[in-house]
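> Residue numbers are given in numbering that gives the first Met the number 0: position 93 of the sequence shown equals residue 92, and the series is strictly consecutive. Where is the CB? At the ideal position from N, CA and C, for every residue including glycine.
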Amino acid sequence: MSEHGPVPRPAHGAVTQVHGAERLARLDYSPDLDGLADPGEVVWAWVPFEDDPAIGKDRPLLVVGRTGRFLLALMLSSKPHESQDWLDLGAGAWDHDGRPSWLRLDRAYELHEDDLRREGAVLPPDRFGRVVDALHARGWH
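Next comes the structure, spelled out in structure tokens:
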């Protein structure tokens, strides 16, 4: 399989979709590119495909909360999405080609901080504020 195509679920390092995520973590903005992922940072991890969780690919995720060593994150995509379940984030340093990104608001993931592939970049505070507003409108606390 190609570097950017689907790959089988790794033995470790995969994220898990979380239902009822709005109750799991306090939304917080505290980025610090210190090697540990913090809310407000874009990180990369293996994410399963919705239609077949046995395969997936490395994707960027925006960390929106933390509980101990577990992170709560939302998936980014470089493909345009018009649905209300996606928020236009614009371009950022997490995409080396400078493409705009969209954030999926209706699926949250939990992952252990040791399962990250790499840190990507910090989402600017005004854009993180838009994410928080969109999540609050969906019932997040």
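Express the C-alpha separation of G34 and V131 in angstroms, rounding to a whole number.
What you label residue 131 is simply residue 132 of the sequence shown in a count that begins at 1. What you label residue 34 is simply residue 35 of the sequence shown in a count that begins at 1. Cα-Cα distance, rounded: 24 Å.
> Among G89, R103 and A133, whose alpha-carbon lies nearest the alpha-carbon of P97?
The residue you call residue 97 lines up with position 98 of the sequence shown. The question names Pro, yet the displayed sequence has Gly at residue 97. The option with the nearest alpha carbon to G97 is G89.
> L71 lies in the alpha helix (DSSP H); which residues open and close that run?
Taking the sequence shown and counting its residues from 1, one reaches residue 71 at position 72. Per DSSP, L71 belongs to no alpha helix (DSSP H); it is in the beta strand (DSSP E), F69 to S76.
> Pairing CB atoms from the segment 101 to 118 with CB atoms from the segment 67 to 77, are three or more of them under 8 Å?
As far as the Cβ criterion goes, the segment 101 to 118 touches the segment 67 to 77, which means the pair count is three or higher.
> Where in the segment 63 to 137 do unbroken runs of the alpha helix (DSSP H), each at least 4 residues long, occur, reported from the N-terminal end onward?
List check, alpha helix (DSSP H) in window: 124 to 136.
> Can you say whether R65 is buried or exposed, counting buried as having 16 or more other CB atoms within 10 angstroms of its CB?
Locating residue 65 in the sequence shown gives position 66, counting from the first residue. Looking at its Cβ environment, which holds 16 or more other Cβ atoms inside 10 Å, R65 is buried.
> Who does R58 pair with in a DSSP beta bridge?
Taking the first residue of the sequence shown as 1, we reach residue 58 at position 59. Looking at the DSSP assignment, R58 forms a beta bridge with A44.
> Could you please give me the residues that DSSP links to V17 through a beta bridge?
The residue you call residue 17 lines up with position 18 of the sequence shown. Answer is A107.
> Find out if the Cβ-Cβ distance for the pair D31, P38 is shorter than 7 Å.
Locating residue 31 in the sequence shown gives position 32, counting from the first residue. Locating residue 38 in the sequence shown gives position 39, counting from the first residue. In this structure, P38 does not lie closer than 7 Å to D31 by Cβ.
> Could you say which of H95, Q16 and V63 lies nearest to F48 if we only look at CA atoms?
Position 49 of the sequence shown, counted from the first residue, corresponds to residue 48. Of H95, Q16 and V63, the residue nearest in Cα terms is Q16.
> Going by the CB atoms, is the gap between V41 and P59 shorter than 7 Å?
To locate residue 59, count along the sequence shown from 1; it is residue 60. To locate residue 41, count along the sequence shown from 1; it is residue 42. It is a contact, given that the beta carbons lie within the stated cut-off.
> Do you know offhand how far G91's Cα is from L122's?
Here residue 91 corresponds to residue number 92 of the sequence shown, with the count starting at 1. Here residue 122 corresponds to residue number 123 of the sequence shown, with the count starting at 1. Taking the straight line from one Cα to the other gives about 7 Å.
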